[in-house]
Every structure is written in structure tokens, then in C-alpha cells.
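Sequential numbering of the sequence shown, starting at 251, is according to this note's numbering. Note that beta-carbon positions come from the ideal geometry of N, C-alpha and C, so glycine has one too.
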Amino acid sequence: MRRVGTIGTVPNVAIQKFLNSKQVPQLFITAGGRRFNDPKNFPWTVPLYPDFETEGRVVAKYLLKNKPDAKIGVLYQNDDYGKDYLRGLRAELGEKAQIVLEVSYELADPTIDSQIVQLKSAGIDTLVEQSSSKAAAQSIRKVHELNWSPLHIIGGSTASVETILKPAGLDASKGLVTTQFLKQPGDPAWAHDDEVKAYKAFLKKYAPSTNPDDYSVLVAYMNVHAVELVLKKCGDQLTRENLIHQATSLNGERLPMMLPGISISTKPDDYAAFKTLRIAVFDGASWNLSGDPISVK
Numbered sequence: 251m252r253r254v255g256t257i258g259t260v261p262n263v264a265i266q267k268f269l270n271s272k273q274v275p276q277l278f279i280t281a282g283g284r285r286f287n288d289p290k291n292f293p294w295t296v297p298l299y300p301d302f303e304t305e306g307r308v309v310a311k312y313l314l315k316n317k318p319d320a321k322i323g324v325l326y327q328n329d330d331y332g333k334d335y336l337r338g339l340r341a342e343l344g345e346k347a348q349i350v351l352e353v354s355y356e357l358a359d360p361t362i363d364s365q366i367v368q369l370k371s372a373g374i375d376t377l378v379e380q381s382s383s384k385a386a387a388q389s390i391r392k393v394h395e396l397n398w399s400p401l402h403i404i405g406g407s408t409a410s411v412e413t414i415l416k417p418a419g420l421d422a423s424k425g426l427v428t429t430q431f432l433k434q435p436g437d438p439a440w441a442h443d444d445e446v447k448a449y450k451a452f453l454k455k456y457a458p459s460t461n462p463d464d465y466s467v468l469v470a471y472m473n474v475h476a477v478e479l480v481l482k483k484c485g486d487q488l489t490r491e492n493l494i495h496q497a498t499s500l501n502g503e504r505l506p507m508m509l510p511g512i513s514i515s516t517k518p519d520d521y522a523a524f525k526t527l528r529i530a531v532f533d534g535a536s537w538n539l540s541g542d543p544i545s546v547k
């Protein structure tokens with residue numbers, strides 16, 4: 251028995267203690283909270299998603315190199331999703347850059363318009379946000395409506411051209427910056443890519459009702475290949491213990507749909523698979539990779 255790819259912080263927290271007490275692998279979960287990288291207390295829980303603290307650190311490194319004098323405002327969701335990202339951003343920036351204002355919102359809030367107005371009024375020139383899909387689309391649109399032009403950085407999980415940027419408005423989205431680790435199937439930049447073609451063909455055959463541009467579907471596809479990789483490494487030793495051992499002993503593995511320069515590595519004392527992300531800039535039609543991959547320890 252094992253659980254694979256469970257999505258979201260709350261569902262994974264709800265079952266984590268029970269599964270670990272029964273020594274049931276909670277394998278390659280789709281949640282970016284740092285709490286899931288805890289081999290000492292939860293050795294049977296193995297994440298496979300860039301943790302949000304790492305994402306925040308990568309964004310900070312990007313800003314320190316490209317806009318070291320930035321006056322930064324942060325919009326974040328008031329839970330682990332937003333707080334872990336903010337923790338990484340703060341830690342990497344240290345005293346080297348100025349966060350002028352941090353504003354949170356609740357997941358149940360109908361809009362984040364007031365938060366965007368508050369951030370604009372603070373005189374910031376760089377808006378960094380870790381928001382859910384709805385809030386991200388709203389913020390992109392509101393910034394545009396205010397004729398405000400900060401450097402606007404959004405979370406990697408809300409960078410879908412089809413499901414976030416098009417509803418927000420492609421013109422309004424032009425110039426956005428994000429982190430990425432996977433190719434975006436709805437992005438024209440990857441229209442002729444062999445891995446994207448294979449991904450779409452796979453879904454057409456096995457899950458024709460799903461949307462290829464749904465981010466959770468894309469991540470699930472990555473998870474499927476990760477499970478395949480680990481099972482092959484297990485060979486004939488298909489025990490729970492060996493499954494966890496192989497899943498936490500990866501070294502520079504690349505899975506289909508990962509961007510150039512991105513791979514995953516895990517260790518028995520550090521389950522975080524991703525240490526490197528890419529920066530991408532939206533040109534009004536597609537995301538363009540910018541600069542070299544950015545790594546954090």
C-alpha cells in the first residue's frame with residue numbers, strides 16, 4: 251500500500267501522521283511546504299515539488315542580481331503556501347534589499363483589489379506575490395487597471411498561459427516574471443517540442459477529458475514518471491523500505507517535461523528534490539527563459 255502524488259498542503263497534513271505511523275509510503279506528494287521535508291519525524295513522506303521557501307530564495311537571488319535597489323512589496327496568501335515563500339525571500343535578501351511592505355490575504359477573500367491599491371500607494375517598484383490562481387489573475391488585472399508598472403513577479407504555480415494569463419489579459423500580463431521548472435504545454439514556445447507532444451498524446455489516450463494546461467495535470471504527469479523511475483531502481487526488491495530508499499537517493503535525475511538545466515536529487519537526510527529553478531519573462535504571448543538556472547543550497 252502507498253499513496254502517490256496527493257495534492258495540497260491540507261490533505262497531506264491530514265494523512266501524514268497516520269501513514270507514517272503505519273509505515274505507508276506517502277510518495278512524491280504535490281505540496282511545496284517545507285514541513286514535508288522532515289525525514290527525522292516523517293521518514294515515509296517524500297515530496298516531489300519545489301518547496302516554496304526555495305522558490306522565494308530563487309526570486310531573491312534574481313532580484314539581488316538584476317535589481318539590487320528594488321523597493322519591494324510582497325503580496326502573499328496567509329498560510330504555509332505564502333508564508334514559506336516569504337520566509338525564503340526574506341532569508342536570501344537579508345539586509346541587502348528593502349522590503350517596503352508585506353500584505354497578506356485570506357484564501358476565502360473575494361478579491362485582493364484593496365491589497366494591490368495599498369501596495370501601489372506604498373511607492374514600491376517591485377511587486378512579488380505568492381497567490382493562488384484566482385488571486386494571481388485578479389492582481390495582474392488590477393495592476394494593469396491602475397496603470398501601474400512595477401516589476402511584477404508571480405509564483406510558478408500560477409504562470410499558466412491558458413488558465414491564468416489569458417483570463418487576466420495577455421496585454422496585462424506582458425512583462426511578468428516567474429520561476430519555472432517544467433515546460434508549459436499551452437505556451438507557444440513549446441508547441442513543437444517532442445516531450446510536449448508526447449505529453450499531450452499520453453493525455454489524449456489515457457485521460458481525454460483532462461485539460462493539458464491544467465497545472466495539476468502537468469505535475470501529475472511528472473509524478474508518474476518519477477514513480478516509474480523509482481520502481482525501475484527498486485528492481486525485484488519491491489518493499490516499502492526499498493521504495494523509500496530509492497526515492498530518497500536520487501542524483502541529478504531528469505524527468506520528461508523538465509526545463510533545460512533542471513534535475514532532481516534527494517538524500518536520506520534531505521528529501522527536497524529541487525534546488526534549482528529557472529526565471530522566465532512573459533512577452534505577451536509566451537514565457538521566455540531568462541539567464542542561467544538559479545540554484546540555492
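| Query | Result |
| --- | --- |
| What distance in whole Å lies between the Cβ atoms of Gln430 and Val294, which are believed to be in contact at a cut-off of 8 Å? | Before going further, note that residue 294 is Trp rather than Val in the sequence given. Contact doesn't hold; Cβ gap of about 30 Å is too wide. |
| Just grab the DSSP bridge partners of Thr526 for me. | Ser545 |
| Under a Cβ-count criterion, where at least 16 other Cβ atoms within 10 Å of its own Cβ denotes burial, should Lys214 be classed as buried or exposed? | No information on residue 214 is available, as it lies outside the stretch 251 to 547 that the chain covers here. |
| Tell me whether the segment 379 to 394 and the segment 322 to 329 touch, counting them as touching only if at least three CB pairs, one residue from each stretch, are closer than 8 Å. | yes |
| Taking Leu336 as the reference, which of Lys525, Asn501, Ser371, Val309 has the closest Cα? | Val309 |
| Could you tell me the distance, in whole angstroms, from the CA atom of Asp301 to the CA atom of Lys450? | 26 Å |
| Specify, as a first and last residue, the run of the beta strand (DSSP E) that Ser572 falls within. | Because the chain here runs from 251 to 547, residue 572 falls outside it and cannot be looked at. |
| What is the rounded straight-line gap between the Cα of Pro400 and the Cα of Asp375? | 5 Å |
| Taking only three categories from DSSP, how would you classify Asn328? | coil |
| Going by alpha carbons, who is nearest to Val263 out of Lys547, Thr413, Ala281, Pro275? | Ala281 |
| If you draw a straight line from the C-alpha of Lys290 to the C-alpha of Lys272, how long is it? | 16 Å |
| Provide the residue(s) that pair with His394 in DSSP beta bridges, ordered along the chain. | Answer by DSSP bridge pairing: none, since His394 is not bridged. |
| Measure the beta-carbon distance from Glu305 to Gly255 and round it to whole angstroms, keeping in mind my assumption that it falls under 8 Å. | That pair is no contact at about 19 Å. |
| Mapping DSSP to helix, strand and coil, what is Thr460? | coil |
| Which full runs of the beta strand (DSSP E) of 3+ residues lie inside the segment 384 to 450, going along the chain? | 401 to 404, 427 to 430 |
| Per DSSP, Phe452 forms a beta bridge with which residues? | For Phe452, which the question treats as bridged, DSSP gives no partner whatsoever. |
| Return the chain-ordered list of same chain residues with a C-beta closer than 6 Å to the C-beta of Gly332, the five sequence neighbours on each side being excluded. | Tyr326, Gln380 |
| Are the CB atoms of Pro360 and Ala387 within a distance shorter than 8 Å? | no |
| Where do the N-terminal and C-terminal ends of the beta strand (DSSP E) with Glu379 fall, by residue? | 376 to 380 |
| Whole angstroms are fine: how far does the CA of Lys346 sit from the CA of Ala457? | 48 Å |
| Of all the options Asp520, His394, Pro435, which has the alpha carbon lying nearest to the alpha carbon of Gly425? | His394 |
| In the DSSP assignment, the beta strand (DSSP E) including Ile279 goes from what residue to what residue? | 276 to 279 |
| Just reading off the alpha helix (DSSP H) that Pro261 is part of, what are its end residues? | 259 to 271 |
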